[in-house]
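Protein chains in written order, with this note's numbering: chain G, 360 to 474; chain A, 17 to 128. Here is the structure we will look at.
Structure (structure tokens):
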């Protein structure tokens with residue numbers, strides 16, 4: 360069964376450093392998303408991406424965050440200057456149609472620890 | 017806006033017990049409703065969905081019925097197994113369809 364692949368599985372970074380989280384969505388999917396889950400808390404929406412542009416973003420997704428689809432396969436989330444409160448599990452997801460009708464396929468996540 | 021309210025956990029059951037996890041929603045219109053499951057150390061997996069009122073979604077012995085009159089989408093399983101131990105999330109899309117709202121998650125532990 361096709362999978363969404365995320366790398367790395369765990370990243371530790373110092374506060375103030377830039378991190379790039381990588382995702383390879385399912386190849387024929389057109390809609391891409393990032394969510395995060397702070398330990399023990401809700402799954403929170405960050406951003407949705409379609410046709411090479413952001414469709415929607417949450418209040419969390421401030422100027423420190425950016426997304427890119429640099430080639431036909433990767434979808435990245437960049438955090439420019441990490442804060443302690445950015446420590447969370449970050450999930451990438453993709454869908455072939457709008458996820459609202461069919462749901463998404465999620466990756467296994469990247470655990471980001473900011474120290 | 018759209019939102020879901022999910023039963024708080026954690027829930028601990030013995031194997032073969034009956035499971036109900038409550039979920040109620042608030043929505044404009046009639047969006048599709050979803051249950052996702054997160055096994056330990058893994059991402060979220062779509063468990064089941066229902067696209068319209070009175071629809072029943074089912075998968076792996078789990079069921080949930082889209083109840084418009086009670087705005088509910090409760091998850092049920094007749095006989096749980098140890099392998100069902102996971103966190104279960106109720107979810108629905110936003111009005112724009114560009115994001116999902118997830119419930120707080122209900123942790124289920126099934127003991128032999």
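Glycine is no exception: its CB is placed at the ideal position from the N, C-alpha and C atoms.
* To do: Out of 97/A, 105/A and 93/A, point me to the one whose CA is closest to residue 128/A's CA.
  => Counting from one through the second chain, the residue named residue 128/A turns up at place 112. In terms of CA proximity to residue 128/A, 97/A leads the group 97/A, 105/A and 93/A.
* Burial state of residue 441/G (16 or more Cβ within 10 Å) -> Position 82 of the first chain, counting from 1, holds the residue named residue 441/G. Burial call: buried.
* Kindly say whether residue 114/A, judged by its beta-carbon, lies nearer than 7 Å to any beta-carbon of chain G. => For the purposes of this step, residue 114/A is identified with residue 98 of the second chain, where counting begins at 1. Taking Cβ atoms only, chain G reaches closer than 7 Å to residue 114/A, which makes this a yes.
* Asked: Is any beta-carbon of chain A found at less than 7 Å from that of residue 437/G?
  -> Here residue 437/G refers to the residue found at position 78 when the first chain is read from its first residue. With 7 Å as the cut-off, residue 437/G does not count as an interface residue toward chain A.
* Asked: Using the C-alpha atoms, what's the distance from residue 387/G back to residue 463/G?
  -> In the first chain, the residue the question calls residue 463/G occupies position 104. In the first chain, the residue the question calls residue 387/G occupies position 28. Here the C-alpha atom of residue 463/G lies approximately 13 Å from the C-alpha atom of residue 387/G.
* Quick one: does residue 377/G have its CB under 7 Å from some CB of chain A? -> If you number the first chain from 1, residue 377/G lands on position 18. It does not: the Cβ of residue 377/G has no partner Cβ on chain A nearer than 7 Å.
* **Neighbour flag for residue 445/G against chain A, beta carbons, 7 Å** => Position 86 of the first chain, counted from the first residue, corresponds to residue 445/G. Using a Cβ-Cβ cut-off of 7 Å, residue 445/G does not count as an interface residue toward chain A, since no Cβ of chain A sits closer than that to its own.
* Asked: Since residue 62/A meets chain G, which of its residues come closer than 9 Å, beta carbon to beta carbon?
  -> As a position in the second chain, residue 62/A is number 46, starting the count at 1. Close partners of residue 62/A in chain G (Cβ separation under 9 Å): 461, 462, 463, 464 and 465.
* **Start-to-end residues for the beta strand (DSSP E) that takes in residue 73/A** => Stepping through the second chain from its first residue, residue 73/A is reached at position 57. From DSSP, the beta strand (DSSP E) with residue 73/A extends over 72–75.
* To do: Report the rounded CA-to-CA distance for residue 421/G versus residue 402/G, giving the unit in angstroms.
  => Stepping through the first chain from its first residue, residue 421/G is reached at position 62. Stepping through the first chain from its first residue, residue 402/G is reached at position 43. When rounded, the distance between both Cα atoms is 17 Å.
* residue 91/A to residue 22/A, Cα distance in whole Å? -> In the second chain, the residue the question calls residue 91/A occupies position 75. In the second chain, the residue the question calls residue 22/A occupies position 6. A straight-line Cα-Cα distance of about 10 Å links residue 91/A and residue 22/A.
* To do: Could you tell me which chain A residues have their CB closer than 7 Å to the CB of residue 414/G, listed as they occur along the chain?
  => In the first chain, the residue the question calls residue 414/G occupies position 55. By Cβ distance, chain A contributes 114.
* To do: Please compile the residues from chain G whose C-beta is within a distance smaller than 7 Å of the C-beta of residue 105/A.
  => Locating residue 105/A in the second chain gives position 89, counting from the first residue. Neighbours of residue 105/A on chain G, chain order: 402.
* To do: Determine the chain A residues that contact residue 420/G at a beta-carbon separation under 9 Å, and present them in chain order.
  => By one-based count along the first chain, residue 420/G stands at place 61. Proximity of chain A to residue 420/G at the Cβ level (cut-off 9 Å) is not reached, the minimal Cβ distance being about 11 Å.
* Asked: Should residue 454/G be flagged as near chain A, meaning a C-beta pair shorter than 7 Å?
  -> Walking along the first chain from the start, residue 454/G turns up at place 95. Residue 454/G does not count as touching chain A.
* Roughly how many angstroms separate the alpha carbons of residue 399/G and residue 425/G, rounded to a whole number? -> What you label residue 399/G is simply residue 40 of the first chain in a count that begins at 1. What you label residue 425/G is simply residue 66 of the first chain in a count that begins at 1. Going from the Cα of residue 399/G to the Cα of residue 425/G covers about 25 Å.
* For residue 384/G, the nearest candidate out of 474/G, 437/G, 470/G and 431/G (CA to CA) -> Here residue 384/G corresponds to residue number 25 of the first chain, with the count starting at 1. Of the candidates 474/G, 437/G, 470/G and 431/G, the one whose C-alpha sits nearest the C-alpha of residue 384/G is 431/G.
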